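**Q** In this note's numbering, the protein residues as written are 13 to 494.
Quick reminder that beta carbons are idealized off the backbone N, C-alpha and C, glycines included.
Note that the coordinates shown come from a computational prediction; the quantities given were computed from them, not determined experimentally.
Pasting a structure below so you can have a look.
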Ligand SMILES: [Zn+2]
């Protein structure tokens, strides 16, 4: 059994539904106060938590109506209409105004038009209750942040993403998805009956998104150790990994909609959102595997293809990346790295970055945007040469730390299989073509400023088509990848 990264048993048992204790545990793990405080007042997870909604509103609401923000998708709890039931429940005690987005039947995006419309609809409300999944929650965060910050209560309707318990929002701006700083919800209600009634592909996608906890924190550590990211902190991942391992063991039970397994999934997802909020960054759970997923999404948007579920895509990419991590930790030999060859000049790389994005945007705008981000990373990498050389000379120590943060790819692949989640890009809905996925793996490191394993391997001459083919072949052997 591998040792966990966390030295503190309390951190390992972090309970998102007991925020008072969680704050104490985090304070002990962060004596220098580098982490942001958890800005939520209450998180409730359980079998009949929806019934607590009126009391939750009473505790938080100011004068004015309760705005109930939702989309037009039918949702069910124990066979009944969830939204009608929630409106009835609220209506028994408060004046309620439903604010419904996406009535025209189109997919709801958290874009400027929608956020502005919601902002004006909720202005003056004493409290906003957002009933929905990640997108509705993000719209609720942004609209309330702009409309005088009325209390925000989120009723989570699927265990699909970790947006419910952090202070960031994914906003669609000029056709590009960006994660922006936003606000924390004040209260989060996770009713297990509602999760059980959600489309199962969404809950499985939540599990897939969480597989990044065995690749992204290692990326973040690597960036910190090389001097590329000063924000690295061990606590956000340390509070996730043990409970994450227990969740992998429950994957088959999750498929059966076992209540205890659903609760585990909801708890770890909630903790993972908190991990991002306190880190003030998505880095603890968004590394190379997310870059691959973002590139696949960019290609889909260009070709007018519907996007596959985010977490489903991330889960598949995580299996491949964990093969790459395993290769790195077993086969990387610092003695064979020639430092003089690892620091290319900007002029030499600029054409490759621009060319990489021509297939999705022949106008060159996407290439320009990526080069703007990438050139900053390249400049910092060059300035970090002494740290890079120190890292190479201390490789055994770093390798030991990185081993604690990763898992064998078989463990991740087995969890996806047992949960009934897609394991190959071709099994996604809609399927992602092999050449698109391959393009995304090849070029993911060129997309943005965040430093990951892909950058380190690229600069040391090891993010090559030959090695990539080998990792994908290994992923195929265990049922995953292309
Ligand atoms: Zn994600």
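In three-state DSSP terms, what is residue 27?
**A** Your numbering for residue 27 matches position 15 in the chain shown. Note: residue 27 maps to coil in three-state DSSP.
**Q** Measuring only the C-alpha atoms, how far is residue 322 from residue 299?
**A** What you label residue 322 is simply residue 310 of the chain shown in a count that begins at 1. What you label residue 299 is simply residue 287 of the chain shown in a count that begins at 1. Approximately 14 Å, taken between the alpha carbons.
**Q** For the alpha helix (DSSP H) that residue 134 lies in, which residues bound it at each end?
**A** Position 122 of the chain shown, counting from 1, holds the residue named residue 134. Residues 124 to 134.
**Q** Could you check whether residue 45 and residue 196 sit closer than 8 Å to each other, using their CB atoms as the reference points?
**A** Within the chain shown, numbered from 1, the residue matching residue 196 stands at position 184. Within the chain shown, numbered from 1, the residue matching residue 45 stands at position 33. No, Cβ-Cβ distance for residue 196 and residue 45 is not below 8 Å.
**Q** Grouping DSSP H, G and I as helix and E and B as strand, with all else coil, what is residue 54?
**A** Position 42 of the chain shown, counted from the first residue, corresponds to residue 54. In the structure shown, residue 54 sits in a strand (DSSP, three-state: E or B).
**Q** Are residue 226 and residue 295 closer than 8 Å when you measure CB to CB?
**A** Position 214 of the chain shown holds residue 226. Position 283 of the chain shown holds residue 295. Going by C-beta atoms, residue 226 is not nearer than 8 Å to residue 295.
**Q** Taking only the alpha-carbon atoms, compute the straight-line gap between residue 139 and residue 230 and give it to the nearest angstrom.
**A** Stepping through the chain shown from its first residue, residue 139 is reached at position 127. Stepping through the chain shown from its first residue, residue 230 is reached at position 218. About 40 Å.
**Q** Provide the residue span of the beta strand (DSSP E) that contains residue 164, from first to last.
**A** The count along the chain shown starts at 1 and reaches residue 164 at position 152. First-last of the beta strand (DSSP E) with residue 164: 164 to 168.
**Q** Does the beta-carbon distance from residue 400 to residue 238 come in below 8 Å?
**A** Walking along the chain shown from the start, residue 400 turns up at place 388. Walking along the chain shown from the start, residue 238 turns up at place 226. In this structure, residue 238 lies closer than 8 Å to residue 400 by Cβ.
**Q** Need the endpoints of the alpha helix (DSSP H) that residue 382 sits in, please.
**A** Against the chain shown, residue 382 aligns to sequence position 370. Residue 382 -> alpha helix (DSSP H) spans 377 to 395.
**Q** With a threshold of 16 other CB atoms inside 10 Å of the CB of residue 112, please say whether the residue is buried or exposed.
**A** Against the chain shown, residue 112 aligns to sequence position 100. Exposed, since its Cβ has fewer than 16 Cβ neighbours within 10 Å.
**Q** Count the other CB atoms within 10 Å of the CB of residue 25; is the residue buried (16 or more) or exposed (fewer)?
**A** The residue you call residue 25 lines up with position 13 of the chain shown. Label assigned to residue 25: exposed.
**Q** Measure the C-alpha to C-alpha separation of residue 443 and residue 107 and round it to an integer number of angstroms.
**A** Along the chain shown, read from residue 1 onward, the residue named residue 443 stands at position 431. Along the chain shown, read from residue 1 onward, the residue named residue 107 stands at position 95. Looking at the two C-alpha atoms, the distance is approximately 45 Å.
**Q** Measuring from each Cβ to the nearest heavy atom of ligand 1, keep the ones under 7 Å and list them in chain order.
**A** 173, 174, 221, 224, 297, 298, 302, 322, 323, 326
**Q** In angstroms with no decimal places, state the Cα-to-Cα distance between residue 380 and residue 459.
**A** In the chain shown, counting from the first residue as 1, residue 380 sits at position 368. In the chain shown, counting from the first residue as 1, residue 459 sits at position 447. Straight-line Cα distance between these residues: approximately 10 Å.
**Q** My guess is that residue 167 and residue 141 are in contact by the Cβ rule of under 8 Å, so how many angstroms apart are they, rounded?
**A** Reading the chain shown from its first residue, position 155 is the one you call residue 167. Reading the chain shown from its first residue, position 129 is the one you call residue 141. That belief holds up - the Cβ atoms of residue 167 and residue 141 are roughly 6 Å apart, short of 8 Å.
**Q** Taking C-alpha atoms, which residue in 450, 352, 366 lies nearest to residue 473?
**A** Here residue 473 is taken as the residue at index 461 of the chain shown, counted from 1. For the residues 450, 352, 366, the minimum Cα distance to residue 473 belongs to 352.
**Q** Within its chain, find whatever has a CB closer than 6 Å to the CB of residue 223; leave out the 5 residues flanking it on each side and keep chain order.
**A** Working through the chain shown from its first residue, we reach residue 223 at position 211. Once the five neighbours on either side are set aside, the close Cβ partners of residue 223 are 327, 330, 424.
**Q** How many Å lie between residue 436 and residue 395 at the Cα?
**A** Stepping through the chain shown from its first residue, residue 436 is reached at position 424. Stepping through the chain shown from its first residue, residue 395 is reached at position 383. Each residue's alpha carbon lies about 39 Å from the other.
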